[in-house]
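One structure is given below, encoded as C-alpha coordinates.
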Amino acid sequence: MKRYWIFLLAMPLFAGIEHLSLKQALEMLKKNNLELKIAQFESQMKRYEAKAAKGYNYGSLDATVTGMRSNDAGNVFGFKLQSREADFGDFGFSDFLACQSPTPPAYCTDGTLLDKQPGDLNYPEARSHYQTKLSYMLPLYTGGKLTEYGRIADSLHQMSLYDTQKVLNEKIFQTKKAFYDISLVENYISNLSKIMRNIDKLESIVKTMQKEGYAKNIDVLEVEARKAEAQSMLNQAKLNRELAYQFLSFLLNTEVSSIKKVDEMASMPRVDTAQIESNNIDIQKALLGLQITQMALNVEKSNFLPTVGAFAEYGSADDRLWNEFFDKDAYTFGVQFKWNLFNGGIDAANLEKAKVNYLKVQDQVALAKSGIALQVKKLQTEILSKSSDIKNYKKQLDFATKVYENYHERYQEGLVSISDLLMKQSKELEMLLKLLTVENERNTKIFELNSILNDGGNV
24 MKRYWIFLLA
34 MPLFAGIEHL
44 SLKQALEMLK
54 KNNLELKIAQ
64 FESQMKRYEA
74 KAAKGYNYGS
84 LDATVTGMRS
94 NDAGNVFGFK
104 LQSREADFGD
114 FGFSDFLACQ
124 SPTPPAYCTD
134 GTLLDKQPGD
144 LNYPEARSHY
154 QTKLSYMLPL
164 YTGGKLTEYG
174 RIADSLHQMS
184 LYDTQKVLNE
194 KIFQTKKAFY
204 DISLVENYIS
214 NLSKIMRNID
224 KLESIVKTMQ
234 KEGYAKNIDV
244 LEVEARKAEA
254 QSMLNQAKLN
264 RELAYQFLSF
274 LLNTEVSSIK
284 KVDEMASMPR
294 VDTAQIESNN
304 IDIQKALLGL
314 QITQMALNVE
324 KSNFLPTVGA
334 FAEYGSADDR
344 LWNEFFDKDA
354 YTFGVQFKWN
364 LFNGGIDAAN
374 LEKAKVNYLK
384 VQDQVALAKS
394 GIALQVKKLQ
404 TEILSKSSDI
414 KNYKKQLDFA
424 TKVYENYHER
434 YQEGLVSISD
444 LLMKQSKELE
454 MLLKLLTVEN
464 ERNTKIFELN
474 SILNDGGNV
(Lines of atoms letter the chains of each structure in order from A and count residues from 1; the text may use other names and numbers.)
(Lines give C-alpha, C1' and ligand atoms only; values in the text may rest on other atoms or scores of the structure.)
Protein backbone atom coordinates (compact mmCIF):
# COMPACT_ATOMS: atom_id res chain seq x y z
CA MET A 1 0.00 0.00 0.00
CA LYS A 2 2.86 2.34 0.85
CA ARG A 3 4.46 1.74 -2.57
CA TYR A 4 1.14 2.52 -4.23
CA TRP A 5 0.99 5.98 -2.63
CA ILE A 6 4.62 6.66 -3.54
CA PHE A 7 3.80 5.82 -7.17
CA LEU A 8 0.81 8.19 -7.15
CA LEU A 9 2.91 11.00 -5.72
CA ALA A 10 5.61 10.45 -8.34
CA MET A 11 3.22 10.42 -11.31
CA PRO A 12 3.17 14.25 -11.82
CA LEU A 13 6.95 14.19 -12.21
CA PHE A 14 6.57 12.14 -15.39
CA ALA A 15 3.45 13.85 -16.75
CA GLY A 16 3.75 16.00 -19.86
CA ILE A 17 2.90 19.68 -20.22
CA GLU A 18 -0.85 20.36 -20.16
CA HIS A 19 -2.77 23.02 -22.14
CA LEU A 20 0.32 24.26 -23.99
CA SER A 21 -0.32 27.34 -26.12
CA LEU A 22 1.21 27.89 -29.53
CA LYS A 23 3.11 30.96 -28.29
CA GLN A 24 4.62 28.98 -25.42
CA ALA A 25 5.52 26.16 -27.79
CA LEU A 26 7.39 28.50 -30.13
CA GLU A 27 9.41 29.88 -27.20
CA MET A 28 10.24 26.36 -26.05
CA LEU A 29 11.18 25.44 -29.60
CA LYS A 30 13.84 28.16 -29.78
CA LYS A 31 15.38 26.99 -26.50
CA ASN A 32 15.03 23.21 -26.65
CA ASN A 33 14.94 21.94 -30.24
CA LEU A 34 17.98 19.72 -30.78
CA GLU A 35 18.38 20.37 -34.52
CA LEU A 36 18.31 24.11 -33.86
CA LYS A 37 20.94 23.72 -31.14
CA ILE A 38 23.19 21.79 -33.54
CA ALA A 39 22.80 24.54 -36.15
CA GLN A 40 23.68 27.15 -33.52
CA PHE A 41 26.82 25.20 -32.59
CA GLU A 42 27.78 25.20 -36.26
CA SER A 43 27.39 28.99 -36.32
CA GLN A 44 29.55 29.34 -33.22
CA MET A 45 32.30 27.28 -34.86
CA LYS A 46 32.16 29.49 -37.95
CA ARG A 47 32.49 32.55 -35.71
CA TYR A 48 35.67 31.15 -34.18
CA GLU A 49 36.97 30.24 -37.65
CA ALA A 50 36.47 33.90 -38.63
CA LYS A 51 38.47 35.01 -35.58
CA ALA A 52 41.23 32.55 -36.49
CA ALA A 53 41.38 33.86 -40.08
CA LYS A 54 41.84 37.45 -38.83
CA GLY A 55 44.56 36.31 -36.44
CA TYR A 56 47.01 35.72 -39.32
CA ASN A 57 47.29 39.50 -39.74
CA TYR A 58 49.08 39.79 -36.41
CA GLY A 59 51.88 37.37 -37.21
CA SER A 60 53.27 34.59 -35.07
CA LEU A 61 55.49 34.69 -31.95
CA ASP A 62 57.15 31.41 -30.97
CA ALA A 63 59.32 30.51 -27.98
CA THR A 64 61.73 27.62 -28.55
CA VAL A 65 63.94 25.91 -25.97
CA THR A 66 66.38 23.34 -27.38
CA GLY A 67 68.63 20.99 -25.43
CA MET A 68 71.37 18.99 -27.21
CA ARG A 69 74.63 17.13 -26.55
CA SER A 70 77.16 16.19 -29.22
CA ASN A 71 80.85 15.41 -29.89
CA ASP A 72 80.53 16.16 -33.59
CA ALA A 73 83.30 18.63 -34.46
CA GLY A 74 81.05 20.95 -36.43
CA ASN A 75 78.31 20.90 -33.79
CA VAL A 76 80.65 21.49 -30.86
CA PHE A 77 82.36 24.41 -32.64
CA GLY A 78 78.99 25.86 -33.55
CA PHE A 79 77.74 25.43 -29.98
CA LYS A 80 80.69 27.41 -28.68
CA LEU A 81 80.16 30.16 -31.23
CA GLN A 82 76.47 30.48 -30.33
CA SER A 83 77.47 30.56 -26.65
CA ARG A 84 80.11 33.21 -27.45
CA GLU A 85 82.77 30.95 -25.88
CA ALA A 86 84.98 30.05 -28.88
CA ASP A 87 88.72 30.66 -28.28
CA PHE A 88 91.98 30.22 -30.22
CA GLY A 89 92.46 26.82 -28.63
CA ASP A 90 89.42 25.59 -30.48
CA PHE A 91 91.27 26.23 -33.76
CA GLY A 92 94.21 23.98 -32.76
CA PHE A 93 96.57 26.68 -31.52
CA SER A 94 97.82 24.29 -28.82
CA ASP A 95 99.61 22.29 -31.55
CA PHE A 96 101.18 25.52 -32.92
CA LEU A 97 102.32 26.67 -29.48
CA ALA A 98 103.98 23.30 -28.92
CA CYS A 99 106.51 24.35 -31.56
CA GLN A 100 107.66 27.15 -29.22
CA SER A 101 108.72 24.72 -26.50
CA PRO A 102 112.40 23.77 -25.92
CA THR A 103 111.73 20.34 -27.36
CA PRO A 104 109.32 20.92 -30.27
CA PRO A 105 107.58 17.97 -31.94
CA ALA A 106 108.97 16.62 -35.20
CA TYR A 107 106.30 18.27 -37.38
CA CYS A 108 107.62 21.64 -36.26
CA THR A 109 111.14 20.98 -37.68
CA ASP A 110 110.56 18.77 -40.70
CA GLY A 111 108.37 21.32 -42.57
CA THR A 112 105.05 19.49 -42.07
CA LEU A 113 103.53 21.98 -39.60
CA LEU A 114 100.90 23.13 -42.07
CA ASP A 115 99.83 19.54 -42.65
CA LYS A 116 99.29 18.95 -38.94
CA GLN A 117 95.58 18.24 -38.14
CA PRO A 118 94.61 20.06 -34.92
CA GLY A 119 93.23 17.55 -32.45
CA ASP A 120 91.32 20.12 -30.36
CA LEU A 121 89.38 21.16 -33.49
CA ASN A 122 88.78 17.75 -35.03
CA TYR A 123 88.29 15.70 -31.88
CA PRO A 124 86.64 17.97 -29.31
CA GLU A 125 85.15 16.74 -26.09
CA ALA A 126 81.37 16.23 -26.04
CA ARG A 127 79.47 19.37 -25.11
CA SER A 128 75.93 20.15 -23.95
CA HIS A 129 74.08 23.00 -25.60
CA TYR A 130 70.90 24.79 -24.50
CA GLN A 131 69.37 27.47 -26.68
CA THR A 132 66.36 29.67 -25.86
CA LYS A 133 64.93 31.70 -28.73
CA LEU A 134 61.94 33.99 -29.40
CA SER A 135 60.89 34.19 -33.08
CA TYR A 136 58.35 36.65 -34.48
CA MET A 137 57.12 36.67 -38.09
CA LEU A 138 54.73 39.33 -39.39
CA PRO A 139 53.15 39.68 -42.85
CA LEU A 140 53.48 43.33 -43.89
CA TYR A 141 51.83 43.12 -47.31
CA THR A 142 50.10 40.19 -49.05
CA GLY A 143 48.35 41.96 -51.91
CA GLY A 144 45.12 42.02 -49.89
CA LYS A 145 44.96 38.24 -49.59
CA LEU A 146 44.75 38.08 -45.79
CA THR A 147 42.14 40.84 -45.73
CA GLU A 148 39.96 38.95 -48.20
CA TYR A 149 40.38 35.70 -46.29
CA GLY A 150 39.14 37.48 -43.16
CA ARG A 151 36.13 38.87 -45.03
CA ILE A 152 35.35 35.45 -46.51
CA ALA A 153 35.48 33.88 -43.04
CA ASP A 154 33.08 36.55 -41.71
CA SER A 155 30.75 35.93 -44.63
CA LEU A 156 30.79 32.18 -44.04
CA HIS A 157 29.83 32.87 -40.43
CA GLN A 158 26.94 34.99 -41.69
CA MET A 159 26.01 32.18 -44.08
CA SER A 160 25.84 29.77 -41.16
CA LEU A 161 23.51 32.20 -39.36
CA TYR A 162 21.24 32.13 -42.41
CA ASP A 163 21.33 28.33 -42.30
CA THR A 164 20.38 28.43 -38.62
CA GLN A 165 17.53 30.81 -39.39
CA LYS A 166 16.33 28.45 -42.09
CA VAL A 167 16.32 25.56 -39.60
CA LEU A 168 14.32 27.74 -37.20
CA ASN A 169 11.79 28.58 -39.93
CA GLU A 170 11.42 24.90 -40.77
CA LYS A 171 10.86 23.97 -37.11
CA ILE A 172 8.36 26.80 -36.66
CA PHE A 173 6.54 25.51 -39.73
CA GLN A 174 6.46 21.98 -38.28
CA THR A 175 5.37 23.19 -34.83
CA LYS A 176 2.52 25.30 -36.19
CA LYS A 177 1.43 22.49 -38.45
CA ALA A 178 1.45 20.07 -35.50
CA PHE A 179 -0.77 22.45 -33.50
CA TYR A 180 -3.22 22.89 -36.36
CA ASP A 181 -3.16 19.16 -37.18
CA ILE A 182 -4.00 18.32 -33.57
CA SER A 183 -6.79 20.92 -33.54
CA LEU A 184 -8.20 19.54 -36.79
CA VAL A 185 -8.05 15.95 -35.65
CA GLU A 186 -9.70 16.94 -32.37
CA ASN A 187 -12.51 18.45 -34.41
CA TYR A 188 -12.64 15.30 -36.53
CA ILE A 189 -12.81 13.13 -33.40
CA SER A 190 -15.58 15.32 -32.02
CA ASN A 191 -17.60 14.97 -35.24
CA LEU A 192 -16.94 11.25 -35.41
CA SER A 193 -18.05 10.87 -31.80
CA LYS A 194 -21.25 12.69 -32.68
CA ILE A 195 -21.77 10.36 -35.64
CA MET A 196 -21.08 7.39 -33.35
CA ARG A 197 -23.79 8.62 -30.98
CA ASN A 198 -26.20 8.93 -33.91
CA ILE A 199 -25.35 5.39 -34.98
CA ASP A 200 -25.94 4.16 -31.42
CA LYS A 201 -29.33 5.84 -31.41
CA LEU A 202 -30.06 4.39 -34.85
CA GLU A 203 -29.02 0.92 -33.69
CA SER A 204 -31.37 1.18 -30.73
CA ILE A 205 -34.22 2.31 -32.99
CA VAL A 206 -33.60 -0.48 -35.53
CA LYS A 207 -33.51 -3.14 -32.81
CA THR A 208 -36.76 -1.80 -31.37
CA MET A 209 -38.37 -1.81 -34.81
CA GLN A 210 -37.10 -5.36 -35.36
CA LYS A 211 -38.87 -6.52 -32.21
CA GLU A 212 -42.05 -4.90 -33.49
CA GLY A 213 -41.64 -6.50 -36.91
CA TYR A 214 -40.90 -3.30 -38.82
CA ALA A 215 -37.20 -4.05 -39.45
CA LYS A 216 -35.27 -7.09 -40.54
CA ASN A 217 -32.16 -8.70 -39.09
CA ILE A 218 -30.18 -7.56 -42.11
CA ASP A 219 -30.99 -3.95 -41.12
CA VAL A 220 -29.46 -4.52 -37.70
CA LEU A 221 -26.38 -6.12 -39.26
CA GLU A 222 -26.00 -3.21 -41.67
CA VAL A 223 -26.10 -0.68 -38.84
CA GLU A 224 -23.64 -2.72 -36.82
CA ALA A 225 -21.29 -2.87 -39.81
CA ARG A 226 -21.50 0.88 -40.20
CA LYS A 227 -20.86 1.29 -36.47
CA ALA A 228 -17.74 -0.89 -36.70
CA GLU A 229 -16.51 1.14 -39.65
CA ALA A 230 -17.04 4.43 -37.81
CA GLN A 231 -15.35 3.02 -34.69
CA SER A 232 -12.33 2.02 -36.79
CA MET A 233 -12.11 5.54 -38.21
CA LEU A 234 -12.39 6.98 -34.69
CA ASN A 235 -9.59 4.75 -33.42
CA GLN A 236 -7.40 5.75 -36.37
CA ALA A 237 -8.07 9.42 -35.68
CA LYS A 238 -7.05 8.99 -32.02
CA LEU A 239 -3.88 7.20 -33.13
CA ASN A 240 -3.08 10.07 -35.51
CA ARG A 241 -3.60 12.52 -32.65
CA GLU A 242 -1.20 10.53 -30.49
CA LEU A 243 1.41 10.53 -33.27
CA ALA A 244 1.00 14.30 -33.68
CA TYR A 245 1.62 14.78 -29.95
CA GLN A 246 4.69 12.56 -30.13
CA PHE A 247 6.06 14.61 -33.02
CA LEU A 248 5.34 17.87 -31.18
CA SER A 249 7.13 16.50 -28.11
CA PHE A 250 10.09 15.59 -30.33
CA LEU A 251 10.22 19.11 -31.77
CA LEU A 252 10.13 20.75 -28.33
CA ASN A 253 12.34 18.09 -26.74
CA THR A 254 9.71 18.05 -23.97
CA GLU A 255 6.77 15.76 -23.29
CA VAL A 256 3.48 17.42 -24.24
CA SER A 257 0.18 15.91 -23.08
CA SER A 258 -2.31 18.48 -24.33
CA ILE A 259 -2.47 21.82 -26.12
CA LYS A 260 -4.75 24.81 -26.31
CA LYS A 261 -6.64 24.37 -29.56
CA VAL A 262 -6.06 26.96 -32.26
CA ASP A 263 -8.38 28.19 -34.98
CA GLU A 264 -8.74 25.53 -37.62
CA MET A 265 -8.07 28.10 -40.34
CA ALA A 266 -4.61 29.74 -40.27
CA SER A 267 -4.62 33.41 -41.22
CA MET A 268 -3.31 34.48 -44.62
CA PRO A 269 -0.03 36.47 -44.32
CA ARG A 270 0.45 39.81 -46.04
CA VAL A 271 2.83 39.57 -48.98
CA ASP A 272 5.09 42.46 -50.00
CA THR A 273 7.41 41.90 -52.97
CA ALA A 274 10.10 44.24 -51.66
CA GLN A 275 10.09 42.58 -48.26
CA ILE A 276 10.39 39.14 -49.85
CA GLU A 277 13.69 40.11 -51.48
CA SER A 278 15.01 41.69 -48.28
CA ASN A 279 13.86 38.94 -45.89
CA ASN A 280 13.87 35.64 -47.78
CA ILE A 281 16.71 33.43 -46.55
CA ASP A 282 17.49 31.80 -49.91
CA ILE A 283 17.78 35.19 -51.64
CA GLN A 284 19.97 36.54 -48.83
CA LYS A 285 22.21 33.47 -49.07
CA ALA A 286 22.48 33.91 -52.84
CA LEU A 287 23.44 37.59 -52.44
CA LEU A 288 26.00 36.73 -49.78
CA GLY A 289 27.36 33.98 -52.03
CA LEU A 290 27.85 36.61 -54.74
CA GLN A 291 29.85 38.75 -52.31
CA ILE A 292 31.98 35.74 -51.36
CA THR A 293 32.76 34.99 -55.01
CA GLN A 294 33.87 38.62 -55.44
CA MET A 295 36.20 38.19 -52.45
CA ALA A 296 37.52 34.95 -53.93
CA LEU A 297 38.14 36.83 -57.18
CA ASN A 298 40.19 39.41 -55.26
CA VAL A 299 42.21 36.59 -53.69
CA GLU A 300 43.12 35.28 -57.14
CA LYS A 301 44.12 38.80 -58.21
CA SER A 302 46.43 39.06 -55.20
CA ASN A 303 48.53 36.20 -56.60
CA PHE A 304 49.90 38.68 -59.18
CA LEU A 305 51.17 41.03 -56.46
CA PRO A 306 54.30 40.75 -54.30
CA THR A 307 54.37 39.79 -50.65
CA VAL A 308 56.44 41.44 -47.94
CA GLY A 309 57.12 39.96 -44.53
CA ALA A 310 59.23 40.86 -41.50
CA PHE A 311 60.90 38.59 -39.00
CA ALA A 312 62.86 39.00 -35.77
CA GLU A 313 64.65 36.59 -33.46
CA TYR A 314 66.08 37.05 -29.98
CA GLY A 315 67.73 34.40 -27.83
CA SER A 316 70.69 33.12 -25.86
CA ALA A 317 72.70 29.88 -25.71
CA ASP A 318 75.04 28.18 -23.23
CA ASP A 319 76.17 24.75 -22.08
CA ARG A 320 73.86 25.25 -19.10
CA LEU A 321 70.19 26.18 -19.32
CA TRP A 322 69.63 29.98 -19.10
CA ASN A 323 73.16 30.53 -17.78
CA GLU A 324 74.44 34.11 -18.29
CA PHE A 325 71.40 34.71 -20.49
CA PHE A 326 71.76 38.43 -21.14
CA ASP A 327 75.59 38.26 -21.40
CA LYS A 328 75.33 35.84 -24.31
CA ASP A 329 72.11 37.01 -25.95
CA ALA A 330 71.79 37.74 -29.68
CA TYR A 331 69.22 39.13 -32.07
CA THR A 332 68.41 38.94 -35.79
CA PHE A 333 65.79 40.82 -37.77
CA GLY A 334 65.03 41.41 -41.38
CA VAL A 335 62.51 41.88 -44.18
CA GLN A 336 61.68 39.56 -47.07
CA PHE A 337 60.26 40.63 -50.43
CA LYS A 338 58.85 37.90 -52.67
CA TRP A 339 57.20 38.18 -56.09
CA ASN A 340 56.33 35.26 -58.29
CA LEU A 341 57.24 36.08 -61.90
CA PHE A 342 56.16 32.88 -63.66
CA ASN A 343 54.35 29.66 -62.70
CA GLY A 344 53.18 28.28 -66.04
CA GLY A 345 49.96 30.32 -66.25
CA ILE A 346 48.38 28.70 -63.16
CA ASP A 347 47.45 32.03 -61.55
CA ALA A 348 46.00 33.36 -64.79
CA ALA A 349 43.84 30.24 -65.24
CA ASN A 350 42.59 30.40 -61.63
CA LEU A 351 41.74 34.09 -62.08
CA GLU A 352 39.66 33.40 -65.18
CA LYS A 353 37.93 30.55 -63.37
CA ALA A 354 37.03 32.91 -60.50
CA LYS A 355 35.62 35.44 -63.00
CA VAL A 356 33.42 32.78 -64.61
CA ASN A 357 32.26 31.62 -61.17
CA TYR A 358 31.28 35.19 -60.30
CA LEU A 359 29.17 35.43 -63.47
CA LYS A 360 27.55 32.10 -62.63
CA VAL A 361 26.61 33.22 -59.12
CA GLN A 362 25.16 36.45 -60.54
CA ASP A 363 22.74 34.35 -62.57
CA GLN A 364 22.02 32.20 -59.51
CA VAL A 365 20.97 35.32 -57.60
CA ALA A 366 18.61 36.33 -60.41
CA LEU A 367 17.28 32.75 -60.53
CA ALA A 368 16.73 32.73 -56.75
CA LYS A 369 14.75 35.98 -56.89
CA SER A 370 12.54 34.90 -59.78
CA GLY A 371 12.13 31.40 -58.37
CA ILE A 372 11.04 32.64 -54.94
CA ALA A 373 8.63 35.14 -56.53
CA LEU A 374 7.11 32.34 -58.60
CA GLN A 375 6.85 30.08 -55.55
CA VAL A 376 5.07 32.82 -53.59
CA LYS A 377 2.59 33.40 -56.42
CA LYS A 378 1.96 29.67 -56.69
CA LEU A 379 1.32 29.33 -52.94
CA GLN A 380 -1.01 32.35 -52.95
CA THR A 381 -3.02 30.85 -55.80
CA GLU A 382 -3.20 27.46 -54.09
CA ILE A 383 -4.27 29.02 -50.78
CA LEU A 384 -7.06 30.99 -52.47
CA SER A 385 -8.17 27.82 -54.24
CA LYS A 386 -8.18 25.86 -50.98
CA SER A 387 -10.13 28.66 -49.26
CA SER A 388 -12.76 28.44 -51.98
CA ASP A 389 -12.90 24.65 -51.61
CA ILE A 390 -13.38 25.01 -47.85
CA LYS A 391 -16.41 27.25 -48.33
CA ASN A 392 -17.92 24.77 -50.77
CA TYR A 393 -17.26 21.75 -48.56
CA LYS A 394 -18.73 23.51 -45.54
CA LYS A 395 -21.94 24.11 -47.48
CA GLN A 396 -21.97 20.51 -48.70
CA LEU A 397 -21.33 19.21 -45.19
CA ASP A 398 -24.15 21.32 -43.78
CA PHE A 399 -26.43 20.07 -46.54
CA ALA A 400 -25.37 16.43 -46.04
CA THR A 401 -26.05 16.72 -42.29
CA LYS A 402 -29.54 18.11 -42.86
CA VAL A 403 -30.26 15.41 -45.47
CA TYR A 404 -29.20 12.73 -43.00
CA GLU A 405 -31.45 14.20 -40.31
CA ASN A 406 -34.34 14.29 -42.79
CA TYR A 407 -33.77 10.67 -43.86
CA HIS A 408 -33.51 9.65 -40.22
CA GLU A 409 -37.03 10.98 -39.59
CA ARG A 410 -38.32 9.42 -42.80
CA TYR A 411 -36.80 6.06 -41.86
CA GLN A 412 -38.64 6.11 -38.54
CA GLU A 413 -41.80 6.73 -40.54
CA GLY A 414 -40.97 3.79 -42.81
CA LEU A 415 -40.58 5.91 -45.93
CA VAL A 416 -36.93 5.02 -46.70
CA SER A 417 -34.78 1.94 -46.16
CA ILE A 418 -31.91 1.63 -43.73
CA SER A 419 -29.55 1.44 -46.72
CA ASP A 420 -30.73 4.81 -47.97
CA LEU A 421 -30.26 6.30 -44.51
CA LEU A 422 -26.73 4.92 -44.12
CA MET A 423 -25.81 6.14 -47.59
CA LYS A 424 -26.73 9.67 -46.53
CA GLN A 425 -24.67 9.26 -43.40
CA SER A 426 -21.73 8.09 -45.55
CA LYS A 427 -22.11 11.23 -47.64
CA GLU A 428 -21.99 13.35 -44.46
CA LEU A 429 -18.79 11.57 -43.35
CA GLU A 430 -17.28 11.95 -46.82
CA MET A 431 -17.87 15.71 -46.80
CA LEU A 432 -16.40 15.96 -43.29
CA LEU A 433 -13.24 14.16 -44.41
CA LYS A 434 -12.90 16.33 -47.51
CA LEU A 435 -13.38 19.50 -45.46
CA LEU A 436 -10.75 18.57 -42.88
CA THR A 437 -8.34 17.43 -45.60
CA VAL A 438 -8.55 20.67 -47.56
CA GLU A 439 -8.28 22.72 -44.34
CA ASN A 440 -5.11 20.83 -43.51
CA GLU A 441 -3.73 21.41 -47.01
CA ARG A 442 -4.53 25.12 -46.82
CA ASN A 443 -2.81 25.47 -43.45
CA THR A 444 0.28 23.68 -44.79
CA LYS A 445 0.48 26.09 -47.73
CA ILE A 446 0.17 29.09 -45.41
CA PHE A 447 2.96 27.82 -43.16
CA GLU A 448 5.15 27.26 -46.21
CA LEU A 449 4.47 30.83 -47.27
CA ASN A 450 5.36 32.08 -43.79
CA SER A 451 8.69 30.23 -44.01
CA ILE A 452 9.46 31.87 -47.36
CA LEU A 453 8.55 35.30 -45.97
CA ASN A 454 10.82 34.60 -42.97
CA ASP A 455 8.43 36.12 -40.45
CA GLY A 456 8.90 33.55 -37.72
CA GLY A 457 11.38 35.57 -35.67
CA ASN A 458 15.15 35.46 -35.45
CA VAL A 459 17.35 32.88 -33.77
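If you want our numbering, it's the position in the sequence shown, counting the first as 1, plus 23. Every residue gets a Cβ at the ideal spot worked out from N, C-alpha and C, and that includes glycine.
Host beta strand (DSSP E) of residue 68 (start-end): Note, residue 68: premise wrong, no beta strand (DSSP E); alpha helix (DSSP H) at 57–78.
Of the listed residues 466, 262, 383 and 432, nearest to residue 402 (C-alpha basis): 466
Unbroken beta strand (DSSP E) run spanning residue 335, endpoints: 330–341
Helix, strand or coil at residue 156 [DSSP, three-state]: strand
Residue from 211, 270, 127 and 317 with nearest C-alpha to residue 174: 317
Range of the contiguous beta strand (DSSP E) that encloses residue 84: 83–93
Pairwise C-alpha distance: residue 252 and residue 221: 14 Å
C-alpha gap between residue 195 and residue 218, whole angstroms: 34 Å
Stretch pair the stretch 185–194 + the stretch 323–340: three plus CB contacts closer than 8 Å: no
Cβ distance (whole Å) where residue 441 is taken to contact residue 245 below 8 Å: 6 Å
Nearest-angstrom Cα separation, counted from residue 378 out to residue 392: 22 Å
N-terminal and C-terminal residue of the beta strand (DSSP E) that residue 349 is part of: That residue, residue 349, is in no beta strand (DSSP E); it is neither H nor E in DSSP.
Rounded C-alpha distance that separates residue 269 from residue 279: 8 Å
Paired residues, beta bridge with residue 430 - DSSP: DSSP lists no partner for residue 430.
Under the three-state DSSP convention, the category residue 146 falls into: coil
Option nearest residue 108 by Cα separation, candidates 271, 177 and 350: 350
Beta-carbon contacts of residue 423 that lie in its chain and below 6 Å, excluding the five residues immediately before and after: 450, 451 and 454
C-alpha gap between residue 111 and residue 89, whole angstroms: 27 Å
Straight-line Cα distance separating residue 101 from residue 116: 18 Å
Backbone secondary structure at residue 185 - three-state DSSP: helix
For residue 361, the three-state DSSP class (helix, strand or coil): strand
Assigned exposure category for residue 254 - 16 Cβ within 10 Å defines buried: exposed
From 311, 421 and 472, residue whose alpha carbon lies closest to that of residue 407: 472
Sequence-distant residues of its chain with Cβ nearer than 6 Å to residue 459 (five each side left out): 207 and 211
Alpha carbon of residue 274 to alpha carbon of residue 198, nearest angstrom: 7 Å
Extent of the continuous alpha helix (DSSP H) to which residue 454 belongs: 441–476
Cβ shell of residue 140 (< 6 Å), same chain only, five flanking positions each side left out: none
Cβ pair count under 8 Å reaching 3, the stretch 321–328 against the stretch 159–174: yes
Own chain partners of residue 41 with C-beta closer than 8 Å, once the 5 adjacent residues on each side are dropped: 280 and 281
As assigned by DSSP and simplified to three states, the class of residue 161: strand
C-beta contact flag for residue 320 and residue 384 at 7 Å: no
Straight-line gap, residue 435 to residue 224 (C-alpha atoms, nearest Å): 12 Å
Euclidean distance between Cα positions of residue 261 and residue 284: 16 Å
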